[in-house]
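Okay, so here's the structure we're looking at.
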Amino acid sequence: MSIPWDQIADVAAAVCLLGGVFLAFAAGVGVLRFPDLLARMHAGTKPQVLGLMLVLTGLALRLRSGSAVWALLLVVLFQMLTAPVAAHMVGRAGYRTGKVRGDLLVVDELTEDLRRAQEQPRD
């Protein structure tokens, strides 16, 4: 007795969907519960992006349509391109407005970069 590939794909889709939902839920809890901006930003980007990728993988396994899979791949691609940039900009804005706790930073390269930029003469 052999197991049909459709059943294997459906089980894999269910596992991916449940894993993605768990990661998205964990990201939401982290955003609400973590103490500072950088920890919240980390919780809001990393597990959320991986959770979205798992949900879309599960959806692709379930739909099994070529056009739908390509559309889902585009969503994953744009998410992977925009999430790091958005997180970087939020972190930088938080740093410049004083929302980042300096005592929690192990390395603070941005302060040195800002000091050097202010010392350079402008044309």
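Residue numbers (our numbering): 43 to 165. C-beta: ideal position from N, C-alpha, C; glycine also.
How many whole angstroms separate the CB atoms of residue i and residue j, which I take to be in contact at a CB cut-off of 8 Å?
i	j	result
Leu59	Val97	6 Å
Ala110	Pro89	So it is not a contact: roughly 25 Å between Cβ atoms.
Expressed to the nearest angstrom, what Euclidean distance is found between the alpha-carbon atoms of residue i and residue j?
i	j	result
Leu119	Ala102	14 Å
Arg75	Arg143	16 Å
Thr124	Val117	11 Å
Val71	Gly86	9 Å
Ile50	Arg106	13 Å
Trp47	Met95	22 Å
Using three-state DSSP, classify residue i as helix, strand or coil.
i	result
Ser109	helix
Phe120	helix
Between residue i and the rest of its own chain, which residues show a CB-CB distance below 6 Å, the 5 nearest in sequence each way excluded?
i	result
Asp78	Arg143
Gly100	Ala55, Cys58, Leu59
Can you list, in chain order, the residues of its chain whose CB lies under 8 Å from that of residue i, leaving out five sequence neighbours each side?
i	result
Gly133	Leu79, Leu80, Met83, Val142
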